[in-house]
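Everything on this sheet refers to the single structure shown next.
Protein chains in written order, with this note's numbering: chain A, 36 to 186; chain B, 42 to 162.
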């Protein structure tokens, strides 16, 4: 039976802050609220299927995706292939930790990464949304679930 | 000693290797594998002393890799480094014969705590 549970905003915020501080340095903290409009350059999503079904996604501007990649790899230049890898790994970590907070057992998908926005099915409903900023740039982490059709 | 790092993310493999250094394990030989199948081949060809493996990978995932290793008679020390650290996943890892599970995101201290009994013991 699928459980209709949702992660809280504070759960998601805690997970995202932990990922950011562990791999991107604590000297540049993640701040709540968006400093401006988000022009999504890269996005990535993972799905959780089982006792809890949901999709966790991350959207960031191109400049942030590149800076995240440079910091994660500790290099000066980041190729697109590495940016896709880094953004996918961010959502994998965030999604895996969100999965651990939800009822199980369930399975985590491999990340899907897109230059631009990842597509969601039309019946996906946003149940949690974290607007944040890092190094002056906006980012969005959201959780979507499928609402059962009313009959 | 030789350590095999299996993860489909090159970025994460680099972070794992860097964290090994930060945790005080700089002198070991490192071998990288892109997925469980690649890791299975490299355990046979490289004979590592320790495998650090992601769970969720294409081709062959980490728990299937561990099962395949044990089925083939390999007793190589094995630990997971994965984004999924729930009690259920930890129990599955232990039941499969893994020595530890390090949850991502991790710190050098978490690496040392898990690896010290294996590499310093």
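Glycine included, C-beta positions come from ideal geometry on N, C-alpha and C. In this text the structure is predicted, and so the values were computed from the model without any measurement.
Following the DSSP letters along the chain, one finds residue 43/B inside the beta strand (DSSP E) bounded by residues 43-47.
Rounded to the nearest angstrom, the gap between the Cα atoms of residue 82/A and residue 140/A is 14 Å. For residue 108/A, the nearest CB of chain B lies under 7 Å from its own CB, placing it at the interface with that chain.
The alpha carbon of residue 101/A has as its nearest neighbour, out of 123/A, 84/A and 87/A, the alpha carbon of 123/A.
For residue 149/B, the enclosing alpha helix (DSSP H) starts and ends at 149-156.
Contacts with chain A at 7 Å (Cβ-Cβ) do not include residue 75/B. By DSSP's assignment, residue 66/A forms a beta bridge with 168/A. A residue is called buried once 16 or more other Cβ atoms fall within 10 Å of its Cβ, and residue 63/B, having fewer, is exposed. A straight-line Cα-Cα distance of about 31 Å links residue 55/B and residue 88/A.
Contacts with chain B at 7 Å (Cβ-Cβ) do not include residue 90/A.
With a cutoff of 7 Å on beta-carbon distance, residue 117/B and residue 84/B are scored as near each other. In terms of Cβ geometry, residue 175/A and residue 42/A do not form a close pair [threshold 7 Å]. When DSSP reads this structure, residue 128/B sits in no beta bridge, so it has no partner.
Of the candidates 80/B, 59/B and 121/B, 80/B places its Cα closest to the Cα of residue 110/B. With distances taken between CA atoms, residue 58/B lies nearest to 122/B out of 76/B, 122/B and 101/B. As for any beta strand (DSSP E) of minimum length 3 sitting wholly inside the stretch 124-175 of chain A, the runs are 141-143, 147-150 and 159-169, ordered along the chain. Taking C-beta separations shorter than 6 Å and ignoring five residues to either side along the sequence, the partners of residue 144/A in its chain run 81 and 82, following chain order. Between the C-alpha atoms of residue 94/B and residue 128/B there is a straight-line separation of about 18 Å. Residue pairing from DSSP places residue 143/B in a beta bridge opposite 122/B. Legend: CB atoms of the stretch 49-63 of chain A lying less than 7 Å from CB atoms of chain B belong to residues 53, 54, 57 and 58.
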